[in-house]
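Asker: Below is a structure I'd like to ask you about.
2 protein chains.
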Amino acid sequence: MLKNIKTTKNISPIEQKRIHLQEKFITMTKRQDNSTPSDIIAKLSPISNLLTEEQKAELQASVEIKKYKKNEIMYEEGDVPQYLHCLISGKVKIYKEGVGGRNQIVHIFKPVEFFGFRAYMANENYITSAAAFEPTTLCIIPVTLFEKWLSENLQLANYVIRLCSVEIGILNRHIVSLTQKHLRGRIAESLLFLKETYGMEEDNQTISARFSRADLADLSNMTTSNAIRTLSAFSSENILEVNGRIIKILDEDQLKKISKIG
Amino acid sequence: MLKNIKTTKNISPIEQKRIHLQEKFITMTKRQDNSTPSDIIAKLSPISNLLTEEQKAELQASVEIKKYKKNEIMYEEGDVPQYLHCLISGKVKIYKEGVGGRNQIVHIFKPVEFFGFRAYMANENYITSAAAFEPTTLCIIPVTLFEKWLSENLQLANYVIRLCSVEIGILNRHIVSLTQKHLRGRIAESLLFLKETYGMEEDNQTISARFSRADLADLSNMTTSNAIRTLSAFSSENILEVNGRIIKILDEDQLKKISKIG
DNA sequence: ATAAAAATATGCTGAAAAACATAAAAACCA
DNA sequence: TGGTTTTTATGTTTTTCAGCATATTTTTAT
Numbered sequence: 003m004l005k006n007i008k009t010t011k012n013i014s015p016i017e018q019k020r021i022h023l024q025e026k027f028i029t030m031t032k033r034q035d036n037s038t039p040s041d042i043i044a045k046l047s048p049i050s051n052l053l054t055e056e057q058k059a060e061l062q063a064s065v066e067i068k069k070y071k072k073n074e075i076m077y078e079e080g081d082v083p084q085y086l087h088c089l090i091s092g093k094v095k096i097y098k099e100g101v102g103g104r105n106q107i108v109h110i111f112k113p114v115e116f117f118g119f120r121a122y123m124a125n126e127n128y129i130t131s132a133a134a135f136e137p138t139t140l141c142i143i144p145v146t147l148f149e150k151w152l153s154e155n156l157q158l159a160n161y162v163i164r165l166c167s168v169e170i171g172i173l174n175r176h177i178v179s180l181t182q183k184h185l186r187g188r189i190a191e192s193l194l195f196l197k198e199t200y201g202m203e204e205d206n207q208t209i210s211a212r213f214s215r216a217d218l219a220d221l222s223n224m225t226t227s228n229a230i231r232t233l234s235a236f237s238s239e240n241i242l243e244v245n246g247r248i249i250k251i252l253d254e255d256q257l258k259k260i261s262k263i264g
Numbered sequence: 003m004l005k006n007i008k009t010t011k012n013i014s015p016i017e018q019k020r021i022h023l024q025e026k027f028i029t030m031t032k033r034q035d036n037s038t039p040s041d042i043i044a045k046l047s048p049i050s051n052l053l054t055e056e057q058k059a060e061l062q063a064s065v066e067i068k069k070y071k072k073n074e075i076m077y078e079e080g081d082v083p084q085y086l087h088c089l090i091s092g093k094v095k096i097y098k099e100g101v102g103g104r105n106q107i108v109h110i111f112k113p114v115e116f117f118g119f120r121a122y123m124a125n126e127n128y129i130t131s132a133a134a135f136e137p138t139t140l141c142i143i144p145v146t147l148f149e150k151w152l153s154e155n156l157q158l159a160n161y162v163i164r165l166c167s168v169e170i171g172i173l174n175r176h177i178v179s180l181t182q183k184h185l186r187g188r189i190a191e192s193l194l195f196l197k198e199t200y201g202m203e204e205d206n207q208t209i210s211a212r213f214s215r216a217d218l219a220d221l222s223n224m225t226t227s228n229a230i231r232t233l234s235a236f237s238s239e240n241i242l243e244v245n246g247r248i249i250k251i252l253d254e255d256q257l258k259k260i261s262k263i264g
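Quick look at the structure:
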């Protein structure tokens with residue numbers, strides 16, 4: 003009894019709010035995961051809309067659904083690419099192992115986007131790994147089937163060319179940011195990028211993503227210590243309000259400025 | 003007369019050899035540039051082989067030949083993409099301006115490769131600039147025509163998808179190298195990359211490219227001073243033989259090792 | 001041919017960020 | 001529930017590299 007009272011006393015209002023937000027976030031995430039198989043096929047519209055009737059039938063026949071736990075790995079560097087992966091719900095990181103065991107996240111995906119075909123099309127084994135940030139549902143389709151579709155469907159092929167073109171642009175920008183900006187600029191850019199990708203919660207300030215400091219570091223090319231330090235600095239400068247993994251952007255203009263000047 | 007003797011005396015055997023190699027290199031470069039218009043169309047085979055007869059006729063009707071001097075700029079960041087560029091002879095760099103006016107070279111092209119369509123396909127203005135390392139000949143084709151071909155030619159579209167897939171892989175690898183390797187590892191990698199791209203001269207040691215230290219620096223994400231310093235170090239370690247812009251790889255295994263461990 | 005400009009070489013200094021260390025807080029789990 | 005592991009926080013030291021200065025060499029322009 004006494005212990006219980008003590009525990010309750012220890013939780014500050016801010017902490018209570020954090021726990022509340024955290025639970026709401028988990029609920030939101032889980033809710034997205036309740037799709038039935040037919041729902042899921044419908045969700046593949048970015049691809050399936052471009053397919054012929056025959057190809058849609060092939061999709062129906064070959065698609066498989068896979069669920070991944072938090073931090074579970076989908077494929078690793080060196081693996082032979084076998085499937086086109088479509089992200090139905092959850093969040094996925096594509097990362098590459100660096101020299102000192104340090105990882106660099108090269109892409110993050112949101113529903114409904116697809117990945118995992120590049121290496122196959124380039125005739126390589128995977129040079130990156132893919133893992134789930136949070137509980138995630140994927141559709142997987144044999145990549146040979148996807149290749150066949152590409153070889154017979156102009157619309158799909160042109161869509162993929164446009165996707166790749168956008169991706170190359172992002173990577174070009176990224177190279178310069180990661181190599182030339184300073185710690186503060188790189189973290190600022192990553193936070194803005196997370197906001198763009200996963201959006202905000204109802205308050206229009208809280209980023210709809212819960213990343214560990216280590217993941218933020220891997221995204222921003224720095225050590226975990228420096229990610230922690232820089233977030234603390236932004237917090238004490240009232241640019242962010244940081245509450246565990248819940249990050250609220252208080253002064254977006256300032257953050258953009260820091261991101262821009264490096 | 004006396005002066006003449008003095009001048010001759012000042013040129014060491016090594017220097018004479020350097021001048022000889024330099025002149026031979028310039029001759030080689032110039033020779034590649036003597037193509038007639040019909041030769042040039044023939045040289046576009048990587049694309050034209052994939053075109054239908056009708057498309058080939060359109061190519062013939064629309065293609066233009068452009069010559070660029072050393073360091074001349076083809077397009078700049080912010081420009082509206084208008085042409086597909088095919089490199090017929092010479093060497094081209096694609097680069098991006100960084101924060102402190104420092105450039106990062108994100109791609110180098112050799113004949114016959116094509117570029118300049120990515121931004122258009124991504125529906126953007128150019129986010130990179132293109133310039134000639136040395137006297138260069140290009141074919142340019144209206145990018146709208148290229149887009150039309152893509153929308154009606156499966157083979158071409160699939161070829162472009164494969165090209166983009168390879169490119170994305172290179173960029174992913176590049177991000178990790180440039181951010182995580184040390185000076186020595188980055189320069190080593192750039193030199194090996196130049197060797198892969200432009201090949202060697204007859205001696206099978208000299209890289210068939212003459213890059214300024216500043217360009218090597220822009221390729222390797224470092225200051226010009228550090229590119230100079232590191233090349234000197236490699237030279238005194240007998241990994242390279244450096245003679246102005248002529249770089250001979252003496253110990254490729256060692257260079258690969260340095261590139262690998264960072 | 002000669003002056004001016006650009007590129008290369010090298011040393012020195014200081015800033016930025018990694019590496020290391022340690023403690024506190026939070027999450028996990030048997 | 002208490003103990004263990006992981007994550008976050010923060011201070012200190014060390015390494016790497018950019019920035020600057022200056023001299024020399026090479027290239028370019030006139």
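Those sequence lines, one after another, are chains A and B. Under this note's numbering, the first residue of the first sequence carries the number 3, and numbering increases by one thereafter. Under this note's numbering, the first residue of the second sequence carries the number 3, and numbering increases by one thereafter. Cβ coordinates follow ideal geometry from the N, Cα and C atoms, glycine included.
(1) Taking just the CA atoms, how far does D253 (chain B) sit from M123 (chain B)?
(2) Going along the chain, which unbroken runs of the alpha helix (DSSP H) with 4 or more residues stay wholly within the stretch 102-176 of chain A?
(3) With C-beta atoms as the reference, is Y128 (chain A) less than 7 Å away from Y161 (chain A)?
(4) Give, in chain order, every residue of the stretch 120-139 of chain A whose Cβ lies closer than 9 Å to some Cβ of chain B.
(5) Y200 (chain A) and S210 (chain A) - do their beta-carbons sit closer together than 7 Å?
(6) Round the Cβ separation of S91 (chain A) and T130 (chain A) to the nearest angstrom and send it over; I've been treating them as touching at under 8 Å.
(7) Compare the beta carbon distance of S50 (chain B) and I143 (chain B) with 7 Å and say whether it is the shorter of the two.
(8) Kindly indicate the opening and closing residues of the beta strand (DSSP E) around N245 (chain B).
(9) Within the continuous beta strand (DSSP E) that includes K197 (chain B), where are the two ends?
(10) Can you give me, in chain order, the residues of the stretch 71-104 of chain A that have a beta carbon less than 9 Å from any beta carbon in chain B?
(11) In its own chain, which residues sit with a C-beta less than 7 Å from the C-beta of L147 (chain A), not counting the 5 before and 5 after it?
(12) Would you list the residues sitting across from T54 (chain B) in a DSSP beta bridge?
(13) For S137 (chain A) versus K72 (chain A), is the C-beta distance shorter than 7 Å?
(14) Suppose you measure from the CA of K262 (chain B) to the CA of E115 (chain B); what does that come to, to the nearest Å?
(15) Kindly indicate the opening and closing residues of the beta strand (DSSP E) around E254 (chain B).
(16) So is T208 (chain A) buried or exposed if we call it buried at 16+ other beta carbons inside 10 Å?
(17) So, at 7 Å on beta carbons, what are the nonlocal neighbours of Q256 (chain A) in its own chain, with the 5 sequence-adjacent residues on each side left out?
(18) How long is the line joining the alpha carbons of L196 (chain A) and G103 (chain A), rounded to whole angstroms?
(19) Would V108 (chain B) pass as an interface residue toward chain A - the criterion being a Cβ-Cβ separation below 7 Å?
(20) Hey, S192 (chain B) and L233 (chain B) are a contact pair by Cβ (cut 8 Å); roughly how many whole angstroms apart?
(21) Can you tell me which of A:K150, A:A159, A:E198 puts its alpha carbon nearest to the alpha carbon of E154 (chain B)?
(22) Any heavy atom of the ligand FMN closer than 6 Å to the CB of E55 (chain A)?
(23) Quick one: is E169 (chain B) near chain A, going by C-beta distance under 7 Å?
(24) Please state the DSSP three-state secondary structure of K26 (chain B).
(25) Going by alpha carbons, who is nearest to E99 (chain A) out of A:H184, A:T181, A:A132, A:N125?
(26) Taking the CB atoms as reference points, tell me whether E169 (chain B) and I170 (chain A) lie closer together than 7 Å.
(27) Given a cut-off of 7 Å, decide if I75 (chain B) and G187 (chain B) are closer than it, judged by their beta-carbon atoms.
(28) Is DSSP giving K19 (chain B) helix, strand or coil here?
(29) For Q182 (chain A), which option in B:N174, B:T54, B:M224, B:I249 has the closest C-alpha, if you only look at C-alpha atoms?
(30) Report the rounded CA-to-CA distance for F119 (chain A) versus Y70 (chain A), giving the unit in angstroms.
(31) Any Cβ of chain A within less than 7 Å of the Cβ of I163 (chain B)?
(32) Would you mind stating whether V178 (chain B) and Y85 (chain B) have Cβ atoms separated by less than 7 Å?
(33) Less than 6 Å between C-beta atoms, sequence neighbours within five positions excluded: which residues of the same chain meet that for C88 (chain B)?
(34) Taking all protein chains shown into account, do 16 or more other C-beta atoms lie within 10 angstroms of the C-beta of D217 (chain B), making it buried, or fewer, making it exposed?
(35) Do N245 (chain A) and R20 (chain A) have their CB atoms nearer than 7 Å?
Answerer: Once the coordinates are examined:
(1) The alpha-carbon of M123 (chain B) is positioned some 42 Å away from that of D253 (chain B).
(2) 120-123, 145-154
(3) no
(4) Correct list: R120, A121, Y122, M123, A124, N125, E126, I129, T130.
(5) yes
(6) The pair is not a contact, with the Cβ atoms about 22 Å apart (cut-off 8 Å).
(7) no
(8) Per DSSP, N245 (chain B) belongs to the beta strand (DSSP E) from 242-245.
(9) No beta strand (DSSP E) contains K197 (chain B), which is instead part of the alpha helix (DSSP H) from 185-200.
(10) I96, K98, E99, G100, V101, G102, R104
(11) E60, S64
(12) T54 (chain B) pairs with nothing; no bridge assigned.
(13) Just to set this straight, residue 137 (chain A) is Pro in the shown sequence, not Ser. Their beta carbons are under 7 Å apart, which means P137 (chain A) touches K72 (chain A) by this criterion.
(14) 28 Å
(15) That residue, E254 (chain B), is in no beta strand (DSSP E); its alpha helix (DSSP H) goes 254-263.
(16) Per the 10 Å Cβ criterion, buried.
(17) I241
(18) 24 Å
(19) yes
(20) Actually they are not in contact, since the Cβ atoms of S192 (chain B) and L233 (chain B) sit about 11 Å apart, beyond 8 Å.
(21) A:A159
(22) Because no ligand of any kind appears in the structure shown, any question about the ligand FMN cannot be addressed here.
(23) yes
(24) helix
(25) A:A132
(26) Yes; because the gap between Cβ atoms is below 7 Å, this pair is in contact.
(27) no
(28) helix
(29) B:M224
(30) 19 Å
(31) yes
(32) Judged by beta-carbon spacing, Y85 (chain B) lies beyond the 7 Å limit of V178 (chain B), meaning their Cβ atoms are not closer than that value.
(33) L46, F116, C141
(34) buried
(35) yes
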